[in-house]
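In full-length UniProt numbering, the protein residues as written are 1 to 101.
See structure below.
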Amino acid sequence: MVHGDGDRVDHAELSWPQGGGVMLGGVRDSEDDAWPLSPGTFGAYVVTDAPDEVFARAVAAGARPVREPYDTDYGSRDFVVRDPEGNRWSFGTYRGHPRRG
């Protein structure tokens, strides 16, 4: 993780053991900012096998619950939180439609 001014996160990486991952960064007040999204305008769905544990960790780290863990009608266990910048994060066990091999 790379911090900018104060506690702003300029760059963070989430890596998966099997490969792949996601890179994240905070907004910067700069004409050359390549990511012109304002805080609170981002949303994502992240797959996890342990949504209840992830929910507890997210809330302990400062995330604001939008919807506590619940079971969907399609068999997933999901929850929704907002990070301190107001971005919406959904987590759950749904891995998407099975892919053709």
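Idealized CB from N, CA, C, for every residue including glycine.
If you're wondering where the values come from, they're calculated on a predicted model, not measured in any experiment.
For P51, the number of other beta carbons within 10 angstroms of its own is at least 16, and it is reported as buried.
No Cβ-Cβ contact shorter than 8 angstroms links V59 with R95. Within its own chain, the residues whose Cβ lies closer than 7 angstroms to the Cβ of G40, once the five positions on either side in sequence are excluded, are E85, G86 and N87, listed in chain order. The criterion of a C-beta distance shorter than 8 angstroms is not satisfied by W16 and A44. About 6 angstroms separates the Cβ atoms of A63 and D83, confirming a contact at the 8 angstroms cut-off.
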